[in-house]
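Student:
Residue numbers (the working numbering): 1 to 146.
Right, dumping it as structure tokens:
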């Protein structure tokens, strides 16, 4: 369930329907009542963000998930998982900042996103890339948040 699904789901619980057909969210009330039902959501977009501080002129920060597969067009700032400090205190330490592009992960077998399968699964990677690029292309001009 995605955060955008809460509004139509809460309306459904209250016995109401959305007055607009252009909602991003989907009614998930039936799935919350019966976990054996398949979700009506088969893909999820993770941000489409074109940072105004980016001097590389690169693609937007964006990702898509379909089933167990997640394709990352680009993400900035993530440099891998860090172990929690033994002391339990929150210690700030400088970490490397990476500009990761074109990464494909099978979240069922690799939930920590350590093994990039972009080159091993090129057909799947390009299918997901095409889906994500269609979403990006369909955004209205000037839509990117600042």
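Idealized CB from N, CA, C, for every residue including glycine. Bear in mind that the values here come from a model prediction, so they are computed numbers and not experimental data.
Looking at the secondary structure, which residues open and close the alpha helix (DSSP H) in which residue 71 lies?
Tutor: In the chain shown, the residue the question calls residue 71 occupies position 71. That residue, residue 71, is in no alpha helix (DSSP H); its beta strand (DSSP E) goes 69-76.
Student: Does the Cβ-Cβ distance between residue 104 and residue 121 come in under 8 Å?
Tutor: Sequence index remark: in the chain shown, residue 104 carries index 104 (1-based). Sequence index remark: in the chain shown, residue 121 carries index 121 (1-based). Yes, they are a contact pair.
Student: Look up residue 49 in the DSSP assignment and say whether it is helix, strand or coil.
Tutor: Position 49 of the chain shown, counted from the first residue, corresponds to residue 49. Residue 49 falls in the strand class under three-state DSSP.
Student: Considering only DSSP beta bridges, list what residue 1 is partnered with.
Tutor: Reading the chain shown from its first residue, position 1 is the one you call residue 1. Answer is none; residue 1 lacks a bridge partner.
Student: Distance check for residue 47 and residue 71, CA to CA, integer angstroms please.
Tutor: For the purposes of this step, residue 71 is taken as residue 71 along the chain shown, with counting starting at 1. For the purposes of this step, residue 47 is taken as residue 47 along the chain shown, with counting starting at 1. Approximately 12 Å between the Cα atoms of the pair.
Student: When the Cβ atoms of the stretch 38-46 are set against those of the stretch 57-64, are three or more pairs found closer than 8 Å?
Tutor: Result yes; three or more Cβ-Cβ pairs closer than 8 Å.
Student: If we count the other Cβ atoms within 10 Å of its Cβ and call it buried at 16 or more, is residue 37 buried or exposed?
Tutor: Residue numbering aside, residue 37 sits at position 37 when the chain shown is read from its first letter. So residue 37 counts as exposed.
Student: Leaving aside the five residues before and after residue 9 along the sequence, list all residues of the same chain whose C-beta is less than 6 Å from its C-beta, in chain order.
Tutor: For this step, residue 9 is matched to residue 9 along the chain shown. Hits under 6 Å: 27, 28 and 29.
Student: Please name the residue, chosen from 17, 73 and 16, that lies closest to residue 131 on a Cα-to-Cα basis.
Tutor: If you number the chain shown from 1, residue 131 lands on position 131. Checked all of 17, 73 and 16; the closest Cα to residue 131 is 73.
Student: The beta strand (DSSP E) that contains residue 104, what's its start and end?
Tutor: Here the question's residue 104 lines up with position 104 in the chain shown. Here the beta strand (DSSP E) through residue 104 covers 99-106.
Student: Just grab the DSSP bridge partners of residue 62 for me.
Tutor: Reading the chain shown from its first residue, position 62 is the one you call residue 62. Beta-bridge pairing links residue 62 to 48 and 74.
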